[in-house]
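Working notes, structure below.
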Amino acid sequence: MKKMIQGLALACCCVLWSCVVLADKPYNELEIRQATLTQYPEIIRIPEDGVEVTIGDLHGNALKLLYFLISNDVITVSRENYRRFVAIYGKNPEKLTEKDLVLFHDMLDAASVNTRHKIRFLGDDLCDRGMNDYYTLSIYKKLDTAGVAFDIVLSNHGHFFLTALERDEPSFDYNPYGEGRHESTVRSMLNMGKLIARGLVDKRDILDTIQTQYLKHLVLPGYVLNEKKQEITIYSHAPLDLAMLAALAEDLNLPFRDSDLKSLAESFDGINRQIHQWIMAHTLTAHYRELKEKHEEQGRSSPLADVLWNRNYTILEREHHPKGKAYSVSYVHGHDSTSNVFDLDNVFGKGDRHHYGPYAVHLTHS
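Read left to right, the sequence shown gives residues -23 to -1, 1 to 343 (mature numbering (1 follows the signal peptide of the UniProt record, and there is no 0)).
Structure, rendered in structure tokens:
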């Protein structure tokens, strides 16, 4: 009976998806369904042309990353190889063997990649509660080498990872919270450091992957512009609004113009260029600290810290149609949800006890 009910539920999901495909699509769409990370995805969506797919916080979980990529027809991996990775992923770094890592790379080598669609990650991809950042960086390398268009929105945990990278001597056993503090919340990076210490992976290869195939994909903020619909969709990790981004631009000594969509997009591009320059030069942490200290002396919060960490919804004004503007704005990030604000953050894949739960992705249609 249980299998019959599960079968009917799956059939209903397939029928619902078919109906949605045939219907007139909204510009922004949120899809949520139950999923189990330890099981191979039962539903693999093949997005239409022009669709961009976004997933929320990865929580440093490479298994969640791979599940997302398979579910959205970006990577094709056999069921057997997925089963092997589930077993490998669950091992502590002290118990991983050279054979385990060979099997992991064999899986990636055998995987085929579809480059038709742009994908996006809303951060917390590294230095979080997952098992090992080595897996995540290896998967990113596979995507980048294949030519997949993807963005990674800078986040608080992503910034933690950069603090370790930007030390005088990059150190992935460095705890940004302080020695012995909150280690479980930055475990994925610390575990990669343990693999390096054991000699199972080469630190130079990891640094090369980071520099050439990871950093260039970081954005702050992400956005998609639809001039035909006169709408912009803004992607961030933490909840924010236009005023917060305007304050960030001012802090960076950049112009911020929002009279029309083109000017707003150019303002976002200016912010991204400055942040990207700091990231590629390994100076983001120094600038972040300098700006934060300056604002703390003035009794204010730092706009750069706010866009990575904010949880105060009362300061936000996120009207779909901003007053006096001829365009509309939608926001995609975690922690909050209204009609034009899409929440992609949940505990799915967060730590060891959340392999089952609500799998949420956001679709932006052209």
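C-beta: ideal position from N, C-alpha, C; glycine also.
A quick note: this is a predicted structure, and the numbers were derived from the prediction, not measured.
Bridge partners of L99, per DSSP?
Numbered from its first residue, the sequence shown carries residue 99 at position 122. L99 is not bridged to any residue.
By how many angstroms is the C-alpha of Y191 removed from the C-alpha of R97?
What you label residue 97 is simply residue 120 of the sequence shown in a count that begins at 1. What you label residue 191 is simply residue 214 of the sequence shown in a count that begins at 1. When rounded, the distance between both Cα atoms is 13 Å.
Go to D128, then tell me how far its beta strand (DSSP E) extends in each direction, as first and last residue.
Start at 1 with the first residue of the sequence shown, and residue 128 comes out as number 151. Here the beta strand (DSSP E) through D128 covers F127 to V130.
Count the other C-beta atoms from every protein chain shown that fall within 10 angstroms of the C-beta of M169, then say buried if there are 16 or more, exposed otherwise.
Position 192 of the sequence shown, counted from the first residue, corresponds to residue 169. Buried, since its Cβ has 16 or more Cβ neighbours within 10 Å.
Check whether the stretch 52 to 64 touches the stretch 29 to 36, taking contact to mean three or more Cβ pairs, one atom from each stretch, closer than 8 Å.
The stretch 52 to 64 and the stretch 29 to 36 do not touch, with fewer than 3 CB-CB distances between them shorter than 8 Å.
Which full runs of the alpha helix (DSSP H) of 4+ residues lie inside the stretch 233 to 309, going along the chain?
238 to 257, 261 to 274 and 280 to 286
Measure the Cβ-Cβ separation of I47 and I21 and say whether it is below 8 Å.
To locate residue 47, count along the sequence shown from 1; it is residue 70. To locate residue 21, count along the sequence shown from 1; it is residue 44. It is a contact, given that the beta carbons lie within the stated cut-off.
Helix, strand or coil at S48 according to DSSP, with G and I counted as helix:
Taking the sequence shown and counting its residues from 1, one reaches residue 48 at position 71. Three-state result, S48: helix.
So the candidates are D185, A88, L35 and S240; which of them puts its Cα closest to the Cα of V130?
Here the question's residue 130 lines up with position 153 in the sequence shown. The shortest C-alpha separation from V130 is found at L35.
Per DSSP, what kind of secondary structure is I183 in: helix, strand or coil?
What you label residue 183 is simply residue 206 of the sequence shown in a count that begins at 1. In this structure, I183 counts as helix in the three-state DSSP scheme.
Among all the DSSP beta bridges, which residues are the ones paired with Y212?
Position 235 of the sequence shown holds residue 212. Y212 is bridged to G199 and V309.
In terms of residue numbering, what span does the alpha helix (DSSP H) encompassing T122 cover?
Within the sequence shown, numbered from 1, the residue matching residue 122 stands at position 145. Here the alpha helix (DSSP H) through T122 covers D110 to A123.
Following the continuous alpha helix (DSSP H) through V63, name the residue where it begins and the one where it ends.
To locate residue 63, count along the sequence shown from 1; it is residue 86. V63 -> alpha helix (DSSP H) spans R56 to Y66.
Determine contact between the stretch 300 to 310 and the stretch 235 to 245, defined as no fewer than three beta-carbon pairs at a distance below 8 Å.
Contact between the stretch 300 to 310 and the stretch 235 to 245 is present, because at least three Cβ pairs lie under 8 Å.
So what's L85 in DSSP terms, helix, strand or just coil?
Locating residue 85 in the sequence shown gives position 108, counting from the first residue. Three-state DSSP puts L85 in a helix.
Between the C-alpha atoms of I23 and S132, what's the straight-line distance to the nearest angstrom?
Translated into positions along the sequence shown, residue 23 becomes position 46. Translated into positions along the sequence shown, residue 132 becomes position 155. Approximately 28 Å, taken between the alpha carbons.
Taking all protein chains shown into account, decide if S161 is buried (16 or more other Cβ within 10 angstroms of its Cβ) or exposed.
Counted from its first residue, the sequence shown places residue 161 at position 184. It is exposed - the Cβ of S161 has fewer than 16 other Cβ atoms within 10 Å.
Considering only DSSP beta bridges, list what I32 is partnered with.
Counting from one through the sequence shown, the residue named residue 32 turns up at place 55. Paired residue(s): F98 and V338.
Would P70 and N109 be called neighbours here (beta carbons separated by less than 8 Å)?
For this step, residue 70 is matched to residue 93 along the sequence shown. For this step, residue 109 is matched to residue 132 along the sequence shown. Yes; because the gap between Cβ atoms is below 8 Å, this pair is in contact.
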